[in-house]
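Going down the list, the protein sequences come from chains A and B. Residues 0 to 312 in numbering that gives the first Met the number 0 are what the first sequence spells out, letter by letter. Residues 0 to 282 in numbering that gives the first Met the number 0 are what the second sequence spells out, letter by letter.
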Amino acid sequence: MADTPVPAATEAAAVADQPTFAELFPGSALSAADADAVTLRWRTHLIVLAGAEDSGKTTVLASLYERLSQGPFAGFQFAGSRSLLGFEEICHLNRLASGGVQPDTQRTVSTEDAKYYHLALKGPGDGAVRRHVLLSAMSGELFRMAKDSRDDAERLTYLRRADTIAVLVDGARLALPAQRTSAQADAADILDSFLDAEMVGANCRVEVVFSKADRVGAAGQAALDFLTRTQEKLEAKFCSRVPSLSFRTIAARPDPSSSSYEGDAGLVAAFQAWTKPYQPAVGDDWKMSAPPADAREFSKFGWRHFEQVRRDS
Amino acid sequence: MSVPGHLLFVGLPGSGKTTYLAALWHVLDDGSSATSLKLTKLSGDRTYLSQITKEWRECSQVPRTNLQTEQVVVLHLDGAGFGPFDLAVPDLSGEAFEQQLTDRRMSLHHNEFVQQSTGVMLFVHPDVRHGAQLTQAAQLEEAIGGAQVRDDVSAATVTPWSIEKMPTQVKLVELLQFLLDRTPRKLRVAVVISAWDLVETHGPPHEFLSSQLPLLRQFLVANDDLVEHAVFGVSAQGGDITVEEKKQALLELDDALMRIRVRQGDEVGKDITMPIAWLLGAK
């Protein structure tokens, strides 16, 4: 049987339907699904920065990228990123090109789904391999919501895989007598929420990070004393639930006129610690609950990894 | 028998791709200077090459390639250690690369060039957009005598972020990431700092790259298992042709070949084929 001739119009339409472009990766901040894809492609290290509104989470992320943009940072060379546009966007308000006159940072929207920022890094030495890091800035509000709603809790399931959780305490609020007690309470509340939601895995490093340390220093001895008392109080409250809890101060974007301003202002040491695989002390016997069967592959991957480490140890 | 090779010229608008091609064609066609590569026979249709080379000889601004004027130039070459080969060089517009960044897609036409390419010449004009930070400006102000009281803070108009505002080094890293995603083999990348005469006092080209585009330099070094790179400074025009006195001085040279300067490391010469020879395997 002879082939039925294809009408010219149909043929033209078929040609028009052929794709003429190849899609490229989006480059913006990653959604949880995009983060899944990164995790499946490469072994990644997840760092979650949590804190109350304006505690400096996004400024820390932006500052890490800004430092890498100027040269090797914290012993790492920049080896790539799937979210360069996302990083550039959060750095915009600290750029002359923004038209602004004072450094600023785009805020994390408190109820928005978490976004992830990817970095490929290479350590020093000829034999060093590339490492992949995912960073996320999350509002404490998300964790509070997770305590009360199963839907909200499921949105955070993938965070069970976090290798490092840094809870930021806003140094600018510690510097103000009227706000310092609330800042302290916010940090305790966020840590409580994490633990209640079983977000802290066996191999997860947990740090309380006093941000904007230059502001605390500039506020005088009373503010510094309050910071010390806050550390003691949090340590006492959480030592039984988080045996490895550690503390540090940083100033990701210090005021240049501040007398406490020093070069990297703690960011180098912080990034080195956050990216280092954490080994819990012998005797720490935490068990992480299994994710639901319908959880994202990202979460299951993390859980399987932790379980394997636990069995092998 | 000729072995085909495919090179990809990559660069943002105004990065010197077409000017390099014009000077290259003049040198190959002239045949009198010592170069790593020589022309074995003339290309078929030389209309485009003749047009851009005429502008170059007259020290006029070589017209930028736009999306409508993209051409594939085929050069029949020979060189010690290479044997005769045909080299296809698509002269793609910088606009097309900008569009890849903003539209997040690549035409299948370009995709085909990427997959065929045996080497990439990445062109960078030294007048780079740095993405200067307000914090750096504040530190500078502080260092030179204390921050000024800003009474214009409230009047400042903050413009929204856009991809076009990204620093040059970020755009180039992103373009290289696009290429690496679509290239199944280790890629040779010759970074060409064009208009080298403008920055030749900065030291060797790789030091210029480290100081002015540190993110790009780190990316190339940290991915040395995927990318082998070398950095060249190329002055194809010989000087700033927008300054009338300099243009006249260049036009008065007895031989236009004298305008060309190429630097790799501490080696300075006039062989404009050097980056191509390196891409094809020369040390």
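Note that the Cβ used here is the ideal one computed from N, Cα and C, for glycine as well.
Asked, Found
"Assumed close pair Leu11 (chain B), Glu97 (chain B) - CB separation to whole angstroms, cut-off 8 Å", "6 Å"
"Beta-carbon proximity of Ala251 (chain A) to Leu63 (chain A), cut-off 9 Å", "yes"
"Pair within 9 Å by beta-carbon distance, Thr167 (chain B) and Arg128 (chain B)", "yes"
"Residues, ordered as in the chain, of the stretch 91-107 of chain B that lie near chain A by beta-carbon distance below 9 Å", "Gln99, Leu100, Asp102, Arg103, Arg104, Met105, Ser106, Leu107"
"CB contact below 9 Å: Glu206 (chain B) versus chain A", "no"
"Meets three-Cβ-pair contact criterion under 8 Å: the stretch 123-135 of chain A and the stretch 169-179 of chain A", "no"
"Rounded C-alpha distance that separates Leu197 (chain B) from Asp239 (chain B)", "8 Å"
"Members of the stretch 118-131 of chain A near chain B, C-beta cut-off 8 Å", "Ala119, Leu120, Lys121, Arg129"
"Residues of the stretch 116-137 of chain B with Cβ closer than 7 Å to any Cβ of chain A, in chain order", "Gly130, Ala131, Gln132, Leu133, Thr134, Ala136, Ala137"
"Alpha carbon of Ile189 (chain A) to alpha carbon of Val215 (chain A), nearest angstrom", "21 Å"
"Secondary structure of Lys170 (chain B), DSSP reduced to three states", "helix"
"As assigned by DSSP and simplified to three states, the class of Gln178 (chain A)", "coil"
"Residue from B:Thr18, B:Phe207, B:Leu279 whose Cα sits closest to the Cα of Asp126 (chain B)", "B:Phe207"
"Proximal chain A residues relative to Met273 (chain B), where beta-carbon distance stays under 8 Å", "Within 8 Å Cβ-Cβ: nothing; Met273 (chain B) doesn't reach chain A, min ~27 Å."
"Every unbroken alpha helix (DSSP H) inside the stretch 72-131 of chain B [4 residues or more]", "93-102, 107-115"
"Among A:Phe209, A:Leu92, A:Ala49, A:Gly26, nearest to Thr163 (chain A) - alpha-carbon criterion", "A:Ala49"
"Beta-carbon proximity list for Asn110 (chain B), same chain, < 7 Å, skipping 5 on both sides", "Arg181"
"Contact under 9 Å by Cβ, Pro253 (chain A) with Ala212 (chain A)", "yes"
"Counterpart residues of Ile192 (chain B) in DSSP-defined beta bridges", "B:Val123, B:Gly232"
"Phe231 (chain B) and Met257 (chain B) closer than 9 Å at C-beta", "no"
"Short CB-CB distance (under 9 Å) between Gly99 (chain A) and chain B", "yes"
"Own chain, CB closer than 7 Å to His124 (chain B), minus 5 neighbours either side, in chain order", "Gly13, Ser14, Gly15, Ser193, Ala194"
"For Met273 (chain B), three-class secondary structure by DSSP", "helix"
"Neighbouring residues, chain A, relative to Ala33 (chain B) (Cβ below 9 Å)", "Under the 9 Å cutoff, chain A gives no residues; its nearest Cβ is about 36 Å from Ala33 (chain B)."
"Nearest residue (CA-CA) to Gly280 (chain B), options B:Gly30, B:Gly118, B:Ala87, B:Leu225", "B:Gly118"
"Residues that DSSP places opposite Lys40 (chain B) in a beta bridge", "B:His75"
"Spatial neighbours of Pro123 (chain A) in its chain, beta-carbon cut-off 7 Å, leaving aside the 5 residues before and after", "Gly74"
"Counterpart residues of Tyr115 (chain A) in DSSP-defined beta bridges", "A:Leu29, A:Ser135"
"8 Å CB neighbourhood of Leu60 (chain A) in its chain, flanking five on each side removed", "Leu48, Phe86, Ile89, Tyr116, Leu134, Ala136"
"Residues that Leu84 (chain A) contacts on chain E, provided the C-beta gap is smaller than 7 Å", "Given the protein chain composition of this structure (A and B), no chain E is represented."
"Reduced DSSP category for Gly265 (chain A) - H, G, I as helix; E, B as strand; rest coil", "coil"
"Length-filtered (4 minimum) alpha helix (DSSP H) runs lying within the stretch 2-56 of chain B", "16-29, 46-56"
"Residue-chain proximity (Pro89 (chain B), chain A), Cβ-Cβ < 9 Å", "no"
"Residue environment, Ser59 (chain B), which counts as buried when at least 16 other CB atoms sit within 10 Å", "exposed"
"Close-in-space but distant-in-sequence residues of the same chain around Leu7 (chain B) (CB under 6 Å, 5 per side omitted)", "Phe112, Ser116, Val119"
"Neighbour list for Leu95 (chain A) in chain B, Cβ cutoff strictly below 8 Å", "Ala131, Gln132, Leu133, Ala136"
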